[in-house]
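Step one of this worksheet: look at the structure below.
In the UniProt record's numbering, the protein residues as written are 1 to 394.
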């Protein structure tokens, strides 16, 4: 029977979200919403064509797909581009391990190794929530064939899925994708213990020191290798030492198992604490100076030994060429060349030694007022810091 107007309203309520989510795999969020609205307008206009032998979702999906194809053709003529499912760089699975902290593992590299149909089946089942019957109608395969292909695709992705009717378990996915090139269970268990234990203790320590609890859930996205991380953050030509960044309330970082030539397994784990500290300082005060948040991040993470810092900055300290606070605000790659990370570390170390956590917290919250925060002027503070450097790092 043709679908009535009332039935169409019911279909809109039931399927609007799923259709929009599917289209967002292909296009940007706003375009997906526009195409979803267009889909339901066309469905209403052609409701007489609906027959009960097809499921409502697959009928709407075909209208949405044709609408999307028309948009592709239109944009192609205008030389505009959309993001297609085949070109999605990053896909994630999630695992919560602490209050307000979630780890997301990039599985895009593994998914891209699957063929087009298997990727579509996975997306429809897990991203959109389609049943096997709906998927089989969409991809044009028997239900049994669709089920087998879904199972084989999951096996290729090395997941531990007990029941096809249930979503993938977060923990098995987390275990398999983070450590996909190191299958030994004992080794994988140790890596998980190191990552979760080290970061968990770092989260507790830093939140206590800064007297601040994150207002929103923090997400840590882990990428399989340095190249994937650089592409994901839009810096394909970045130096090898660049392996982590903050984006809003998300920490993006390379896998500790593939850190690249400039880092080690341990330094990547430490960098997660470094970035978390930076994120928290910026939550306390978004305009905190770079030397303050970078310095405290490096100090909390223990990324550098004092001997390494001493070797790095001894000459400039001895020659009275210590950078100014303005120099340490450099957001270019030159920050590393200027030994900005080392000098920022010593600033955090000095503040905590001579002014304690009270002084640190006051300075984070009022960085432009040294008199109020540290009971001295900025020039006086700089002079005292340089004396500290000469005593400990020259």
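Cβ coordinates follow ideal geometry from the N, Cα and C atoms, glycine included.
Computed from a predicted structure; not experimentally measured.
Review point. So what does DSSP say about residue 213, is it helix, strand or coil?
Key: When secondary structure is reduced to three states using DSSP, residue 213 falls in the coil class, being assigned neither helix nor strand.
Point to revise | the region 212-219 / the region 234-244 touching (three or more Cβ pairs under 8 Å) | key: Contact between the region 212-219 and the region 234-244 is absent, because fewer than three Cβ pairs lie under 8 Å.
Review point. Under a three-way DSSP split, which group does residue 250 fall into?
Key: It is a strand residue.
Practice item. Check residue 145 in the structure and name its three-state DSSP category. Key: Note: residue 145 maps to helix in three-state DSSP.
Check your understanding: Buried or exposed: where does residue 59 fall if 16 or more other Cβ atoms within 10 Å of its Cβ makes it buried?
Key -> That one is buried.
Review point. Start and end of the beta strand (DSSP E) containing residue 220?
Key: Where residue 220 is concerned, the enclosing beta strand (DSSP E) stretches over 218-223.
**Study point:** Reduced DSSP secondary structure (H/G/I, E/B, other) of residue 41
**Key:** DSSP, read as helix, strand or coil, puts residue 41 in helix.
Exercise for review: Give every residue of the same chain whose Cβ lies closer than 7 Å to the Cβ of residue 20, excluding the five residues on either side of it in the sequence, and list them in chain order.
Suggested key: Taking residue 20 as the centre and dropping the five residues before and after it, the same chain places the C-beta of 32, 33, 36 closer than 7 Å to its C-beta, in chain order.
Point to revise | Rounded straight-line distance, which links the Cα of residue 227 to that of residue 234 | key: If you take the alpha carbons of residue 234 and residue 227, they lie about 11 Å apart.
Review point. Okay, do the region 316-334 and the region 257-272 touch, 3+ Cβ pairs below 8 Å being the bar?
Key: No, the region 316-334 does not touch the region 257-272.
Exercise for review: Enumerate in chain order the residues of its own chain whose CB-to-CB distance from residue 385 is below 7 Å, with the five nearest sequence positions on each side excluded.
Suggested key: Closer than 7 Å at the Cβ level, and outside the excluded window around residue 385, lie 347, 350.
**Study point:** Own chain partners of residue 142 with C-beta closer than 8 Å, once the 5 adjacent residues on each side are dropped
**Key:** Closer than 8 Å at the Cβ level, and outside the excluded window around residue 142, lie 136.
Review point. Can a CB atom of chain C be found closer than 9 Å to the CB of residue 62?
Key: Looking at the structure shown, chain C is missing, and only one protein chain is on hand.
Check your understanding: Where residue 111 and residue 118 are concerned, what is the direct C-alpha to C-alpha distance, given to the nearest angstrom?
Key -> Using only the alpha carbons, I get a separation of about 9 Å.
**Study point:** Coil, strand or helix - residue 234 by DSSP
**Key:** Of the three classes helix, strand and coil, the one that applies to residue 234 here is coil, per DSSP.
Check your understanding: Distance, Cα to Cα, residue 67 vs residue 145?
Key -> Looking at the two C-alpha atoms, the distance is approximately 28 Å.
Point to revise | Distance, residue 10 Cα to residue 259 Cα | key: Going by the C-alpha atoms only, they are around 51 Å apart.
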